[in-house]
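Visitor: Please read through the structure below; I'll follow up with questions.
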């Protein structure tokens, strides 16, 4: 087995499927530590499935997922939960649950019957709340919060888990632009300050390019290409993965690549089209 | 299969076949029983009545009344089920699940225990009253709130109202110190023990109810596409819905007055018939009525023979037949909803 | 943040909201008062001091008989049954994550009743009565697994579970009615029990037989409390936090069965307690399972005891089964729940 050095999370010959359909076939993928990696791809390409497999939510039909070198399914649930936190798509909180109660749940992997509220627990919960700027809102119940606040609460819970790796499945779906940026900025800061390895699925290509250190483009259950956004976000990649003609330019604020899709019918600025 | 739906000749064929099956079941119901009677005697009992023959007497009294009651109740419940499923656009709807039967039982038991009502006609009126109240409660409950009338809410309110009324009914039966037979009649139903003289005045009522339902069929078809579309096509939705509700309550209530709490017929029959004749209620209603009668006759036969010489309450048989279907439908999800 | 009461030392650390602790004490006080009320009231009114004297084993022999042999076992049985059904309902509501779940709707009640009447009709002569709860548990377990299995279609949604539960309950109810009709039971008063639920005629043997089941199941439930809290967040989050969901779900299902089934075996199918007692409890205490469990149990106990009391008092000399009054209180409450869109 080939083990690239220093990778906390990787898949070896991973195959995944639901019922009779195979979604991912024999995939080898290593996630770089301490960086933000984003999975992008069209609908149904398998990126969410892949993320769930990494998070131990799906069992592979073949192959292995290695967490710090050990097969993730050979470790106990709590062991994995101390190293890896997952935030799935659209989580639902029970009615009446307050932010603080939710964040406290993040300490579950460290608690047992006798010790359910140690000093560490208390400290880390408070830290998680302040890192996500949720301390003033901690007594509010989750359903009364705005979309962005709610997502921050869930991220606070994942932070309370005190893990090196954080997995997020489309954390910005259903959020308006302001809240999308709010969440992504938060994750970026986390990565900067605590060197957390972040692996997430994003559907917005431009936001992915702006925030990712690495992008992995998935097409039909295989890795089409991977690398830094400026290296891989190119016309041929977008055409191949999304079946869309586009123009790649530079984001004027962040210097990261930006994709401007052509679309099918309207041609407004003929000259611009011809220049590319 | 969908091509066949448009084929009127096919539907006529199904109708005739259904009538044939019903007659067959009728003959069987009258002929078989604890005391076996040759089919020939069944025939002669009607055309060449011999007052001396025991066979003929049995046929004309107990067997016939039983068969008639089964036909009336079965067809009424089936049509009530069809209407209910159309009205609520919920394939799980039926008078027993939505508490309508339980309401009818409760009001009859209440008034007969405390106010000594005994005539069958009074029972029918009381059943109508009780069924309406229960139906309104269930429908109202299921509709309030932000999501409105969702299928699961109405099923749950039906379950609650049914449990409530059945508990009260049993309490009253305990207070009235009724025997277990009486309790079982109301809780689980029976089509036997009714005097044909008492039943015959009700026959026109049942037929009228079913005929009205058939006449309303084209309107029901339109209603199925959704309130907004029906309104857009100019239909007076409120009137149709009220009419359907009255018919549902009337048919279900009448069935309860005659036969006690018999469940699941209203659920099973529409699901049996719809795959064959489609959603056109002009055909669905009469054919469901025929098959409701046939099914209940068969259930009655099973009830008579299962644990001879005792009889299984007919509601038990229909529940044991119907519950698996209900579960199957629940598993499948609401594709036809 | 709620004011908390916390304990922290080398061995033990936990915290509880102060409000919940007070609520718990108040409900416990209600519980004790209702017991005393039930012992005083009845066909013959016995004043509180005399009741207390009788309980301590002194005083008038007649009073001791009424209090100690007639009323006390009945009241205790009502309390235990209410507590058991309420706990079972709480476990189910947490596991299925739907506030409308309860042992009646999930078919546990139906399965237990069907098995219990089968036992009483066919086996009670050959096997000892000690086997009754075992039969009930077996019946409830079969029903619960049947429902869970039938509702399984790549996972279980709460909606499908409830619908399948209604179907299986109807079938179980039909079987129960069938067995009552077809058996020697039909001549006795016990037939009514199975249709509505009643604690009439309880003696100390019954009480002693039921108590161990309750005790053990509560211990197990308290042990699982934190896991239950966590799994309420959803399958994926809970798995991410380290809970093994499939195993937990089966254990919780089993737990709710062994809580409810023995109670049903002795008192019949009392409906609605498992549904509404947890909801009432939720109004008073925080969501933590460890505190909801005792408060729900006490609430359920109070509910059934009150219903039995009304049944004894309101229509004297008749004894209306407790199940009727529980439904009378329970169904409107359920209706209120639906109205408030509590799911």
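Protein chains in written order, with the numbering used here: chain A, 392 to 667; chain H, 1127 to 1463; chain D, 457 to 799.
We put the beta carbon where it would ideally sit given N, CA and C, even for glycine.
Computed from a prediction, not measured in an experiment: that's the story for all the values here.
Verify the CB distance criterion: does residue 482 of chain A have a CB-CB separation below 8 Å to chain B?
Guide: Among the protein chains in the structure shown, which are A, H and D, there is no chain B.
Visitor: Report the residues of the region 626-639 of chain D with a CB closer than 8 Å to any CB of chain H, ordered along the chain.
Guide: Residues 626, 627, 629, 630, 631, 633, 634, 636, 637, 638.
Visitor: Quick one: is residue 732 of chain D near chain H, going by C-beta distance under 8 Å?
Guide: Judged by the 8 Å Cβ criterion, residue 732 of chain D is not in contact with chain H.
Visitor: Please check if any C-beta of chain H sits within less than 8 Å of the C-beta of residue 499 of chain D.
Guide: Closer than 8 Å: no.
Visitor: Can you tell me whether residue 436 of chain A is helix, strand or coil according to DSSP?
Guide: Coil.
Visitor: Evaluate the contact criterion for the region 541-548 of chain D versus the region 716-736 of chain D: three or more CB pairs, one atom per stretch, below 8 Å.
Guide: Cβ pair count under 8 Å is three or more, so yes.
Visitor: For residue 1457 of chain H, which residues in chain D fall below 8 Å Cβ to Cβ?
Guide: The contacting residues are 606, 607, 609, 616, 620.
Visitor: Using the Cα positions of residue 527 of chain A and residue 519 of chain A, report the straight-line distance between them to the nearest angstrom.
Guide: Between residue 527 of chain A and residue 519 of chain A, the C-alpha separation is close to 13 Å.
Visitor: In angstroms, rounded to a whole number, what distance separates the CA positions of residue 1445 of chain H and residue 1361 of chain H?
Guide: C-alpha separation (whole angstroms): 37 Å.
Visitor: Consider the Cβ of residue 1211 of chain H: report whether some Cβ of chain D lies at a distance smaller than 8 Å.
Guide: Not an interface residue.
Visitor: How do the region 562-572 of chain D and the region 615-625 of chain D stand: do at least 3 beta-carbon pairs fall below 8 Å, yes or no?
Guide: Yes, the region 562-572 of chain D touches the region 615-625 of chain D.
Visitor: Considering just the uninterrupted stretch of the alpha helix (DSSP H) at residue 1241 of chain H, what are its terminal residues?
Guide: It is not in any alpha helix (DSSP H) - residue 1241 of chain H carries neither H nor E in the DSSP assignment.
Visitor: Please go through the same chain and pick out, in chain order, the residues whose beta-carbon is closer than 7 Å to the beta-carbon of residue 1395 of chain H, but skip the five residues on each side of it.
Guide: Once the five neighbours on either side are set aside, the close Cβ partners of residue 1395 of chain H are 1204, 1207, 1414, 1417, 1418, 1421.
Visitor: How would you call residue 1137 of chain H, buried or exposed, if buried means at least 16 neighbouring beta carbons within 10 angstroms?
Guide: It is buried - the Cβ of residue 1137 of chain H has at least 16 other Cβ atoms within 10 Å.
Visitor: Between residue 573 of chain D and residue 653 of chain D, what straight-line distance do the alpha-carbon atoms span, to the nearest angstrom?
Guide: Cα-Cα distance, rounded: 12 Å.
Visitor: Could one say the Cβ of residue 457 of chain D lies closer than 8 Å to chain A's Cβ atoms, at least one of them?
Guide: Residue placement at residue 457 of chain D cannot be trusted, given a pLDDT of 42 that sits under 50; the coordinates are not used to answer.
Visitor: Alpha carbon to alpha carbon, how far is residue 546 of chain A from residue 570 of chain A? Give it in angstroms, no decimals.
Guide: Cα to Cα, the separation comes out at about 13 Å.
Visitor: Quick check: is the beta carbon of residue 1427 of chain H nearer than 8 Å to any beta carbon in chain D?
Guide: Closer than 8 Å: no.
Visitor: Give the straight-line distance between the Cα atoms of residue 1402 of chain H and residue 1409 of chain H, rounded to the nearest whole angstrom.
Guide: Taking the straight line from one Cα to the other gives about 10 Å.
Visitor: Considering only the alpha carbon of each residue, which of H:1411, H:1300, H:1319 lies closest to residue 1345 of chain H?
Guide: If we check each option's Cα against that of residue 1345 of chain H, H:1411 comes out closest.
Visitor: Who are the neighbours of residue 1301 of chain H on chain D, taking C-beta pairs under 8 Å?
Guide: Result: 771, 774, 776.
Visitor: Contact criterion: CB-CB distance below 8 Å. Does residue 448 of chain A meet it with respect to chain D?
Guide: With 8 Å as the cut-off, residue 448 of chain A counts as an interface residue toward chain D.
Visitor: Using 10 angstroms around the beta-carbon of residue 739 of chain D, count the other beta-carbons present and answer buried if the total reaches 16, otherwise exposed.
Guide: The residue in question, residue 739 of chain D, is exposed, as its Cβ has fewer than 16 Cβ neighbours within 10 Å.
Visitor: Between the Cα of residue 585 of chain D and those of D:491, D:713, D:757, D:666, spot the shortest distance and give me the residue it belongs to.
Guide: Minimum Cα distance to residue 585 of chain D is reached at D:666.
Visitor: Can you pull out the residues from the region 467-491 of chain A whose beta carbon lies closer than 9 Å to at least one beta carbon of chain D?
Guide: Under the 9 Å Cβ criterion, the region 467-491 of chain A contributes 467, 468, 469, 470, 471, 472, 473, 475, 476, 477, 478, 479, 480, 482, 483, 484, 485, 486, 487, 488, 489, 491.
Visitor: Please identify the residue among D:639, D:784, D:709, D:765 whose C-alpha is closest to the C-alpha of residue 570 of chain D.
Guide: Of D:639, D:784, D:709, D:765, the residue nearest in Cα terms is D:639.
Visitor: DSSP state of residue 615 of chain A, grouped into three classes?
Guide: Strand at residue 615 of chain A.
Visitor: Give the range of the alpha helix (DSSP H) segment to which residue 570 of chain A is assigned.
Guide: 568-585 is the extent of the alpha helix (DSSP H) around residue 570 of chain A.
Visitor: In the structure shown, what three-state DSSP assignment does residue 1161 of chain H receive?
Guide: Residue 1161 of chain H: coil per DSSP, three-state reduction.
Visitor: Does chain D have any CB closer than 8 Å to the CB of residue 1342 of chain H?
Guide: It does not; no Cβ of chain D falls within 8 Å.
Visitor: In this structure, what does DSSP give as the bridge partners for residue 1337 of chain H?
Guide: Bridge partners of residue 1337 of chain H: none, in fact.
Visitor: Among D:556, D:487, D:673, which one has its Cα closest to the Cα of residue 786 of chain D?
Guide: Residue D:556 is the option with its Cα nearest to residue 786 of chain D.
Visitor: Just list the residues that DSSP pairs residue 456 of chain A with in beta bridges.
Guide: Per DSSP, A:402.
Visitor: State yes or no: is the beta carbon of residue 780 of chain D nearer than 8 Å to at least one beta carbon in chain H?
Guide: Chain H, which has a Cβ nearer than 8 Å to the Cβ of residue 780 of chain D, makes this yes.
Visitor: Mind listing which residues of the region 550-570 of chain D have their C-beta closer than 9 Å to chain H's C-betas, in chain order?
Guide: Taking 9 Å as the Cβ-Cβ cut-off against chain H, the residues of the region 550-570 of chain D that qualify are 556, 560, 561.
Visitor: Could you pull the start and end residues of the alpha helix (DSSP H) that residue 556 of chain A belongs to?
Guide: Taken as a continuous stretch (DSSP letters only), residue 556 of chain A belongs to no alpha helix (DSSP H), being part of the beta strand (DSSP E) at 556-560.
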